[in-house]
Amino acid sequence: MVSALNRASVRKHLLTDRPVSTGIVHLGLGNFHRAHQAVYTAQARDGWGILGVASRSAAVADAMHRQDGLYSVLERSPEGSSISVPGVHTGAIVAAGNPAAVVDAIAAEDTRIVSTTVTEHGYCMDPSTHRLALDHPGIVADRSGAAPRTVIGQIARALERRAATHGAPITVLNCDNMQSNGTQTRRLVLEFLHGSKAENWVAENVAFPNSMVDRIVPATTDADRAAAYELLGVHDLSPVPAEPFTMWVMEDRFAAGRPAWERGGAVFSDEVEAYELLKLRLLNGTHSLIAYLGALDDRATIPEARAVDFIESAARSVLEDEYLPTVTLPRDFDVKAYVASLFDRWSNAALGHRTQQVGTDGSVKLPQRVPAPAIQLLGQGVMPEHLALTCAAWLCCVVPLPGFDPGPHARAMVDPARERLGALAAGTRPGVDLVRAVLAQVFPTELAESNDFTGRVAEYVAVITRDGVRAAAREAARSRTSRPHASPAA
Ligand SMILES: NC(=O)c1ccc[n+]([C@@H]2O[C@H](COP(=O)([O-])OP(=O)(O)OC[C@H]3O[C@@H](n4cnc5c(N)ncnc54)[C@H](O)[C@@H]3O)[C@@H](O)[C@H]2O)c1
Ligand SMILES: O=P(O)(O)OC[C@@H](O)[C@@H](O)[C@H](O)[C@H](O)CO
1 MVSALNRASV
11 RKHLLTDRPV
21 STGIVHLGLG
31 NFHRAHQAVY
41 TAQARDGWGI
51 LGVASRSAAV
61 ADAMHRQDGL
71 YSVLERSPEG
81 SSISVPGVHT
91 GAIVAAGNPA
101 AVVDAIAAED
111 TRIVSTTVTE
121 HGYCMDPSTH
131 RLALDHPGIV
141 ADRSGAAPRT
151 VIGQIARALE
161 RRAATHGAPI
171 TVLNCDNMQS
181 NGTQTRRLVL
191 EFLHGSKAEN
201 WVAENVAFPN
211 SMVDRIVPAT
221 TDADRAAAYE
231 LLGVHDLSPV
241 PAEPFTMWVM
251 EDRFAAGRPA
261 WERGGAVFSD
271 EVEAYELLKL
281 RLLNGTHSLI
291 AYLGALDDRA
301 TIPEARAVDF
311 IESAARSVLE
321 DEYLPTVTLP
331 RDFDVKAYVA
341 SLFDRWSNAA
351 LGHRTQQVGT
361 DGSVKLPQRV
371 PAPAIQLLGQ
381 GVMPEHLALT
391 CAAWLCCVVP
401 LPGFDPGPHA
411 RAMVDPARER
421 LGALAAGTRP
431 GVDLVRAVLA
441 QVFPTELAES
451 NDFTGRVAEY
461 VAVITRDGVR
471 AAAREAARSR
481 TSRPHASPAA
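Position 88, counted from 1, in the sequence shown is what full-length UniProt numbering calls 88; the numbers after and before it change by one each time, with no gaps.
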């Protein structure tokens, strides 16, 4: 019989010491948290424990319960694989079954940090205004006094309770791929609590540091489970695959202490915004383009897509010509090495990050990546051809024109706006009207109402639909060569 992973069966050198107490409540017990923050917390070795909260699915929490709270992180690269077991979780619960328990945990006096990786759409933020979507059904219900089911509702209600009881300060640490993620979370929580007694207490006693998180962590496959078994010698129900690269940069503004995450290599910096913009644009923005072009070219994974000549060229163009000129680099940052490392990381075939996964939730991810650089370049009289191509490829994946089949990887992309945008498309004339109507749903008005930009997106949609995605990328490359462009060495 194959034995299961638990504290008795795991090889001791792979496991960290048991945490002393639960100082952190983490919302979003997905793969990323388990291969990123949990690993840094294990490497801090200073006793901090984490209560993990899954939103709806019980799969990860159940697996962890059956394994004494453990799971493995399987580092995969073409050079080989290695494994570790970050045993820092003191519990795992599912919010959907017991929303009151989430509020209780965050409100507990011993809780000093509440952190989040709940995907961009978990914040119920209107993507075009970046304000709390007060008409979101979850927010409406949570504000009416029901046991809160949204992340912002859970945090806000727990902070209210802290204010009304022991008054102990706390830090809210957003670890999602969002620009100014701490600042935005603070605004959303305060908007939720607007007019309440707790509003001032939160403003004065709760820290919301900004953070930049980076590690490519795909969804787990059967091949990962088999590889984990080979390395562990016992069966893990829920291993997490991850690339070797990992980076975490955050502001050192914690209201009630923090683990010594620097022991795992985390960087505390006053330049987080520069790191965030760099990462969200160069990595995530380019990643989105590779995913949408790749899916439309029938490529299942990012490394397969990145190896296609026209996709690699488009990726280099959007990165070097359109994202890079719109960021301010952190001090002493070696951007040439960073760009080279990105193309290496996207080539990691051992990891097999799926185009479908990276392309999922485009309606809430792209607003963090595309509008600001597009508006900046348009303001300089430059047409951002490859940002327009990114939007067109996304539209062709999630709101394809009648008769156009975007292929299985695009069809598998989940998007919270898919239905709404589909209904909009059904009632709008294809072409620039449709592009403008769709972009108005997700982007700031300034970009959605730019005739130049929406016109260009509509042209790329037409080319993809009529002649295919390769032809559209060729067209973008041709247009790009007609104007000067920057390079990472510049
Ligand atoms: N995976 C990566 O490579 C990576 C890298 C950097 C940052 N991130 C950030 O982490 C996030 C999660 O990635 P992941 O790989 O863990 O995904 P995942 O699918 O493994 O987990 C997603 C988690 O978010 C929760 N969630 C989803 N929708 C929610 C909602 N509406 N309300 C509350 N919780 C919700 C789920 O319960 C789950 O715990 C990403 O969206 C991104 O912002 C991921
Ligand atoms: O995590 P998402 O869904 O916001 O975006 C998909 C990928 O671009 C992303 O997961 C990257 O792999 C990651 O941000 C690398 O740190």
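Cβ coordinates follow ideal geometry from the N, Cα and C atoms, glycine included.
Shown in chain order are the residues whose CB sits closer than 5 Å to a heavy atom of ligand 2: Asn177, Asp214, Ile216, Asn284, His287, Val358. If you draw a straight line from the Cα of tyrosine 71 to the Cα of alanine 260, it comes to about 22 Å. If only complete runs of 3 or more residues are kept, the stretch 27-75 shows the beta strand (DSSP E) at 48-54, in order along the chain. Between valine 103 and alanine 242, the C-beta spacing is not below 8 Å.
Excluding residues up to 5 positions away in sequence, Pro444 lie with their Cβ nearer than 8 Å to the Cβ of threonine 129 in the same chain. At least one heavy atom of ligand 1 sits closer than 7 Å to the Cβ of valine 151. Counting the other CB atoms within 10 Å of its CB gives arginine 354 a total of 16 or more, which places it among the buried residues. Counting along the chain, asparagine 174 sits inside no alpha helix (DSSP H); it lies in the beta strand (DSSP E) bounded by residues 170-174. Placement of the Cβ of glutamate 475 at a distance of 7 Å or more from every heavy atom of ligand 1 is found. Going by DSSP, isoleucine 113 is part of the beta strand (DSSP E) stretching over 113-116. In this structure, leucine 447 has its beta carbon at no less than 7 Å from each heavy atom of ligand 1.
For valine 240, the enclosing beta strand (DSSP E) has its first and last residue at 240-242. In this structure, ligand 1 has a non-hydrogen atom nearer than 7 Å to the beta-carbon of histidine 33. Burial state of threonine 185 is buried, judged by a 10 Å Cβ sphere holding 16 or more other Cβ atoms.
Taking one beta carbon from each stretch, the stretch 99-116 and the stretch 57-69 have fewer than 3 pairs nearer than 8 Å; the two do not touch. Residue nearest to valine 398 within the set Arg420, Pro384, Gln380, His386 is Arg420 (criterion: CA-CA distance). Nearest Cα to proline 78 within the set Ala349, Ala476, Gln368, Arg478: Ala349. Relative to the Cα of isoleucine 155, the nearest Cα in the group Thr165, Glu276, Asp142 belongs to Asp142. For serine 180, the Cβ stays outside the 7 Å cut-off from all heavy atoms of ligand 1. By the neighbour-count definition (other C-beta atoms within 10 Å, threshold 16), alanine 458 is a buried residue. Between the alpha carbons of tryptophan 201 and serine 450 lies a distance of about 42 Å. Between alanine 337 and valine 267, the alpha-carbon positions lie close to 18 Å from each other. Considering only Gln43, Pro384, Leu351, the residue with the shortest C-alpha distance to alanine 223 is Leu351. Here valine 85 carries a strand assignment [DSSP, helix/strand/coil]. Judged by beta-carbon spacing, isoleucine 290 lies beyond the 8 Å limit of alanine 300, meaning their Cβ atoms are not closer than that value.
Isoleucine 93 carries a strand assignment under DSSP once its states are collapsed to helix, strand and coil.
Proximity to arginine 470 across Leu366, Val442, Ala393, Ala426 peaks at Ala393, based on C-alpha coordinates. C-alpha of valine 382 to C-alpha of alanine 315: approximately 18 Å in a straight line. Here the C-alpha atom of histidine 33 lies approximately 9 Å from the C-alpha atom of valine 39.
Straight through space, the alpha carbons of alanine 58 and arginine 112 are spaced by roughly 25 Å.
Residue range 99-107 is occupied by the alpha helix (DSSP H) that includes aspartate 104. Excluding sequence positions up to five before and after alanine 295, its CB lies within less than 6 Å of the CB of Thr355, Gly359, Cys397, His409, Ala410, all in the same chain and listed in chain order. Residues Ser363 of the same chain have their beta carbon placed closer than 6 Å to that of alanine 417, with the five preceding and five following residues left out of the count.
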